[in-house]
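Going by my numbering, the sequence shown opens with residue 1099, and the numbers climb by one from there.
For glycine and all other residues, C-beta sits at the position ideal for the given N, C-alpha and C.
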Amino acid sequence: MIRVYTIRQGKLEQFKNLPREQIVKLSDIIWIDLQAPTQDEKEFIEKNYKIEFFTYQEVQEIESSSRFLETDETTEINLTFVSNQEAELSIQNVTFILKNRVLFTYRQGDLKIFAETVRRMKTMNAEAKEHGLDVFLTILETRIDSDADLIEGINRKLNGISKDLIARKSLKEDLLLGIAQLQENTMVLHETITEKQRVVSSLIRIPEFNKMENERLKIIIKDIGSLLQHAQFSSERLEYLQNTFLGLVNIEQNTVIKIFTVVTVVFMPPTLIASIYGMNFKHMPELELLGGYPMAIGLMIISSLAFLWYFKRKNWL
């Protein structure tokens, strides 16, 4: 699918699934968005506008040259976008190409960020949306707001887990798996936010873009820095909660082991006494005693109580 956005009389207009011959005739184009395009659609845009999107292999690479590439005519950017899919975050790569005041975007799936960007662009004044860079920065700002919401969601879940641990309500495996999933989500967010930071820092170094949007780029850098701090704080809290969970599990296991140890030690003397008087020897002096049986039972009880008293005195119980 190809969406084309133009500026006419200061207003953003959207054209979807236009015939190809009409696309090339449109004037004042600032944004061409390709969502899950066919091979023919992709080749049509590349041929007519003399651009080349990142290949699948380049999209998967993590080198800076595969994430940001500046030439004489184009600025090519590859960013990773995340979206919330229940407990797990899904990842999608988006390619951006800036050429002659026009932004070209290439993506495979639907992203709410793009719909929100269009809504924001329609409410902006005409001067703020005359260049493809304006569209790209609006997408970045929208993505930053969405990342902030995701971090806030992680923090809310963190607070719930923390309360459960403090109340000692649950030390189940599901809780530890939940902490691990939140750690994975936080790392993904931290990685994508850092990626945006590198891209915006590279844009600032381009004189043309820095002159156009100096203040806006600085604000975006500041917001990204703030998100990185929050993501780092969330990561540290998750590590702390994981260590707390494992510590409580160890305490619980030690308590169980201590109980078994105490029970074993307390019953050792009675077992020894019963073993001695269970021997089948003829000449055992106590066998002929009238009170031999009560005496043996009494010895067992006294020895057990003596050990219990000793453990209690040492505060082992």
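Name the one or two DSSP bridge partners that residue i has.
{"i": "L1177", "result": "V1192"}
{"i": "Q1112", "result": "Y1103"}
{"i": "W1129", "result": "Y1103, L1201"}
{"i": "T1172", "result": "K1197"}
Since I believe residue j is in contact with residue i (beta carbons under 8 Å), could you give me their beta-carbon distance rounded to a whole number of angstroms?
{"i": "P1367", "j": "S1401", "result": "3 Å"}
{"i": "V1216", "j": "I1128", "result": "That pair is no contact at about 12 Å."}
{"i": "L1397", "j": "I1355", "result": "Between I1355 and L1397 the Cβ distance is about 28 Å, and since that is not below 8 Å, they are no contact."}
{"i": "T1193", "j": "F1151", "result": "5 Å"}
{"i": "I1319", "j": "S1299", "result": "7 Å"}
{"i": "I1302", "j": "E1168", "result": "Their Cβ separation, rounded to whole angstroms, is 12 Å, which puts I1302 and E1168 out of contact at 8 Å."}
{"i": "T1172", "j": "I1189", "result": "Not a contact, Cβ separation roughly 25 Å."}
{"i": "L1339", "j": "I1395", "result": "About 52 Å; that fails the 8 Å criterion."}
{"i": "L1325", "j": "D1245", "result": "6 Å"}
{"i": "D1208", "j": "Q1133", "result": "7 Å"}
{"i": "R1334", "j": "L1177", "result": "Here residue 1334 turns out to be Glu, not Arg, going by the sequence shown. That belief does not hold up - the Cβ atoms of E1334 and L1177 are roughly 26 Å apart, past 8 Å."}
{"i": "L1273", "j": "I1259", "result": "7 Å"}
{"i": "V1297", "j": "F1179", "result": "Not a contact, Cβ separation roughly 12 Å."}
{"i": "G1230", "j": "L1187", "result": "Not a contact, Cβ separation roughly 28 Å."}
{"i": "L1110", "j": "K1220", "result": "5 Å"}
{"i": "I1322", "j": "E1228", "result": "About 25 Å; that fails the 8 Å criterion."}
{"i": "T1240", "j": "R1218", "result": "6 Å"}
Does the beta-carbon of residue i, which I'm using as the reference point, lie nearer than 7 Å to any heavy atom of the ligand HEM?
{"i": "V1354", "result": "Absent from the structure shown: the ligand HEM. Ligands present: none."}
Tell me the DSSP secondary structure of residue i in three-state form.
{"i": "F1331", "result": "helix"}
{"i": "F1416", "result": "The displayed coordinates of the chain run from 1099 to 1415. Any statement about residue 1416 would go beyond what the structure contains."}
{"i": "L1339", "result": "helix"}
{"i": "L1167", "result": "strand"}
{"i": "M1398", "result": "helix"}
{"i": "K1412", "result": "coil"}
{"i": "L1403", "result": "helix"}
{"i": "G1207", "result": "coil"}
{"i": "T1215", "result": "helix"}
{"i": "L1124", "result": "coil"}
{"i": "M1222", "result": "coil"}
{"i": "E1271", "result": "helix"}
{"i": "A1265", "result": "helix"}
{"i": "P1305", "result": "helix"}
{"i": "E1228", "result": "coil"}
{"i": "T1359", "result": "helix"}
{"i": "A1134", "result": "coil"}
{"i": "P1117", "result": "coil"}
Does any residue of chain D bring its CB to less than 8 Å from the CB of residue i?
{"i": "D1243", "result": "The structure shown has no chain D; it contains just one protein chain."}
How about the segment 1274–1289 and the segment 1247–1255: do they share at least three Cβ pairs that are nearer than 8 Å?
yes
Answer yes if the segment 1121–1135 comes into contact with the segment 1196–1204, meaning at least three C-beta pairs across the two stretches below 8 Å, and no otherwise.
yes
Any alpha helix (DSSP H) of 4 or more consecutive residues that is wholly inside the segment 1361–1390:
1366–1374
Between the segment 1329–1345 and the segment 1288–1296, are three or more C-beta pairs nearer than 8 Å?
yes
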